[in-house]
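Asks: 74 is the number of the first residue of the sequence shown in my numbering; add one for each residue after it. Cβ atoms here follow ideal geometry from the backbone N, Cα and C, with glycine treated the same way. Everything numeric in this text was worked out from a predicted model, so none of it was measured. Mind looking over this structure? Questions follow.
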Amino acid sequence: IQFLSREANPPRHGTLLHELTHHFTSSHPDLRSRWWLTEAFACYFETAFRDQDGQFLLPPLHVENFRSSRRKLRQLGRERFKQLVDEVIHSSWLEFYRNDGEAPLRYAISWSILWALQQQMSGSVEQRLMQVADLDDDEISSRIEDVVRSLEPSLSSLLRGHIIQPPFRRWSVEQWLGSDRIDGQVILEAIEKELPTVGGTTWGWPCVARTIFRWGSGLDRSDRLQWQRKIEQQLREGSLEARLAICGVLPDYRRSGSLIAVLVELLEEEEGELRAVAAMALSRASNHPTIVNPSFWIHAPASERNREVEEWKQWLDSP
């Protein structure tokens with residue numbers, strides 16, 4: 074599928090893939106009249122993306138739907154949640170699609186049913202999904218306890234299992250970095266394995282920066298400083314793409330202030346786009362006022378840019 078993004082959370086593609094899946098399932102009589110199942114399939118395929126080799130991949134988990142379902146399970150308790158799942162399975166069209174503000178939850182629960190039960194099947198992903206579809210709704214209801222059990226592990230524990238699988242290593246890193254709790258050491262080990270692969274440096278070094286410059290990374294000071302030095306080296310010597318990407322993800326000064334000196338160096342680079350993103354990164358990394366207009370750093374005469382750089386250098390040298 075040529076239009077698929079290489080990103081693990083491709084913008085706008087989710088809706089397109091969701092609706093395309095509906096187009097294909099509409100010709101399948103066992104799917105189109107079971108509202109929970111047709112939405113479960115659409116949710117399952119909406120997260121698909123292309124890996125660095127251009128291969129079509131279905132992630133092992135729909136993170137947002139997992140979170141939503143797990144949150145509702147913890148809120149309601151096992152018995153009330155099981156009742157809700159059963160209601161979703163047996164909903165009529167009007168019940169499933171009613172405008173009560175809970176439709177996204179019904180979508181999430183539908184995905185959770187399909188995701189949990191396909192894990193009990195054998196064969197390829199497609200074969201496992203169709204084996205679930207071959208079960209009637211009463212058989213599905215008899216397995217609700219399996220759905221509940223599948224939602225009990227934490228997201229971190231699931232990602233810890235998927236991150237060791239090469240096809241889903243990058244996906245797992247990106248999903249984990251979007252979570253509240255991470256294991257920085259495990260993430261960095263995974264990134265390190267990806268750095269030598271196709272596109273690994275452009276993808277990996279920004280992920281390193283996102284890992285080490287965040288609160289609660291789980292890293293000790295020694296490891297964090299070691300990786301920080303590697304980030305500084307990349308900003309000075311890495312590819313243009315990697316340097317641009319690193320600058321684009323650096324957080325506020327409370328976490329990335331240690332990079333101010335090397336970012337000031339980038340203001341003198343020949344590539345105007347790099348100067349511009351470095352200035353934006355400086356505006357976040359320091360509370361010292363600076364010009365952030367990209368047009369200035371890309372098009373202004375060198376004499377004007379140099380005045381701003383000299384002001385930065387004086388500020389760095391001041392006690």
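Would you call the CB atoms of A121 and L134 closer than 8 Å?
Replies: Going by C-beta atoms, A121 is not nearer than 8 Å to L134.
Asks: Name the DSSP beta bridge partners of F154, please?
Replies: F154 is not bridged to any residue.
Asks: To the nearest angstrom, how far is the alpha carbon of L339 from that of L308?
Replies: Each residue's Cα considered, the two are about 8 Å apart.
Asks: Measuring only the C-alpha atoms, how far is F118 from R201?
Replies: One C-alpha to the other measures close to 14 Å.
Asks: Mind checking Q191: buried by the 16 CB within 10 Å criterion, or exposed?
Replies: Classification for Q191: buried.
Asks: Of the residues F114, D296, L317, G87, which one's Cα is nearest the Cα of S189?
Replies: Reading the sequence as shown, one finds Ala at residue 189 and not Ser. The shortest C-alpha separation from A189 is found at F114.
Asks: Per DSSP, what kind of secondary structure is F286 in: helix, strand or coil?
Replies: The answer is coil: DSSP assigns F286 none of H, G, I, E or B.
Asks: Confirm, please, whether the CB-CB distance from S141 to L178 is below 8 Å.
Replies: The answer is yes: Cβ separation under 8 Å.
Asks: Can you find a CB in chain B that lies within less than 8 Å of the CB of I371?
Replies: Going by chain labels, chain B is absent from the structure shown, which holds only one protein chain.
Asks: Quick one: complete alpha helix (DSSP H) runs, 4+ long, within the segment 322–384?
Replies: For the segment 322–384, whole alpha helix (DSSP H) runs of length 4 or above, ordered along the chain, are 326–329, 333–339, 345–358, 367–372.
Asks: Using only alpha-carbon positions, find the residue among D173, S368, R222, L104 that is nearest to D210.
Replies: Ranking the options by Cα distance to D210, first place goes to L104.
Asks: Report all residues from its chain with a CB closer than 7 Å to the CB of A334; omit the five preceding and five following residues, and keep chain order.
Replies: For A334, where only same-chain residues beyond five positions count, the Cβ hits under 7 Å are L389.
Asks: Among all the DSSP beta bridges, which residues are the ones paired with R123?
Replies: Beta-bridge pairing links R123 to F129.
Asks: Considering only their Cβ atoms, is the gap separating Q125 from G272 smaller than 8 Å?
Replies: Going by C-beta atoms, G272 is nearer than 8 Å to Q125.
Asks: Which residues in the same chain have their Cβ closer than 6 Å to the Cβ of H235, if we skip the five residues on either side of it in sequence?
Replies: The answer, listed in chain order, is P133, F241, S245.
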